[in-house]
Structure formats: structure tokens, C-alpha cells
Amino acid sequence: VYLTYSNPRAITSDNFINVETLELDTYFNDYVREAFKPVGVYLNFWQPTLKSKSAKRFVVMMINDKDKSVDGSLEFSIENSKGEKLLTKTEAFHLNKFGQNTYYVDVVVPDYEGDCLIKATAKYNNQLENTLSRRKVRIEK
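Residue numbering for the sequence shown follows the working numbering, starting at 42 and increasing by one per position.
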């Protein structure tokens with residue numbers, strides 16, 4: 042769906058900066074490239090805000106499109122707008138070939154107020170490859 046319909050009354054348009062060289066829009070490429078990786082990560086979270094110091098369970102779904110099993114580490118983090126990690130949790134993961142699994146990450150939301158980025162990152166193949174799922178959120182007191 043790289044070439045989409047451009048209409049002044051619609052909210053869709055081309056995702057290319059240059060169609061002749063097939064150069065994708067920087068922001069589009071930044072997010073979409075993760076969707077085409079063979080190990081997929083999906084952070085199932087779409088709330089605009091979180092309450093500071095509240096207990097929260099995050100759901101991270103993973104899928105393996107490879108024909109061999111994959112082992113690695115799943116890192117969950119919350120970063121402030123400066124990229125500083127306010128919280129990090131890491132656990133090992135295993136995905137069977139063509140398999141899927143769901144992981145639950147229980148945290149206490151950091152004592153912080155402001156815009157943040159929640160990340161779920163799968164690192165595998167001896168930490169040489171990774172797949173990222175991320176969400177913007179505002180932490181409120």
C-alpha cells in the first residue's frame with residue numbers, strides 16, 4: 042500500500058518523498074520498517090495517559106515468521122522526552138518456528154510527569170537483531 046490515493050478531502054496520501062527513487066517519507070519508514078521484520082513485536086497499549094505511581098500490566102505479543110525457533114531478550118522501557126530511561130524490565134523470550142507468544146509486563150508507573158515513550162524491544166540472534174514497538178504516552182501526577 043505504498044501508493045495510496047491522494048484526495049484533498051481524505052487523510053491519506055503518498056508515503057514517498059520521491060516516487061522515482063522510491064524514497065519513503067522518513068517518519069513513515071521509521072515506523073513501518075518494524076512491521077516487515079521476521080520477528081514481530083506488538084505492544085498492546087493505546088491510552089493517551091498513565092497515572093504516575095500506578096500499577097499497570099502491559100501486554101506484549103510476539104510472532105516468529107522464521108522457519109527456526111528464536112531466543113532472545115524482551116526489554117520493556119519507559120523513556121522521558123530526553124530519551125532517559127525512567128523504567129526498564131528485561132526478560133528472556135522463546136518463540137517456536139512460525140510461533141507466537143504473549144508476555145505480560147507488570148510495572149509501577151514511574152513517579153514522573155510529562156511526555157514519554159513506552160518501548161518493547163525484542164533482541165535476538167546474539168543481540169545483533171532487534172524489533173521495536175513503541176507508543177507515546179503522557180504520565181500525569
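Ideal Cβ placement from N, Cα and C applies to all residues, glycine included.
Quantities reported herein were computed from a predicted structural model and do not represent experimental measurements.
Can you tell me where the alpha helix (DSSP H) holding residue i begins and where it ends?
i, result
"D71", "T67 to V73"
Label residue i either buried or exposed according to how many other C-beta atoms from any shown protein chain fall within 10 Å of its C-beta, with 16 as the threshold for buried.
i, result
"Y43", "Confidence in Y43 is poor, its pLDDT being 49 and thus under 50, which makes the residue's placement unreliable; the coordinate value appears in the next sentence. Flag for Y43 reads exposed."
"N105", "buried"
For residue i versus residue j, is the C-beta spacing smaller than 8 Å?
i, j, result
"Y144", "E125", "no"
"M103", "V80", "yes"
"K138", "K109", "yes"
"S114", "T129", "no"
Locate the beta strand (DSSP E) running through residue i, then write down its first and last residues.
i, result
"A161", "G155 to Y165"
"V80", "V80 to L84"
"V100", "A96 to N105"
"S118", "V111 to N121"
"T143", "Q141 to V149"
"F134", "K126 to L136"
"T172", "E170 to E181"
Just confirm the distance between the C-beta atoms of residue i and residue j, as a whole number of angstroms; I'd bet it's less than 8 Å.
i, j, result
"C157", "E116", "About 16 Å; that fails the 8 Å criterion."
"L63", "F57", "7 Å"
In angstroms, rounded to a whole number, what distance separates the CA positions of residue i and residue j?
i, j, result
"V150", "L136", "28 Å"
"W87", "A76", "17 Å"
"R175", "T90", "14 Å"
"L127", "D66", "30 Å"
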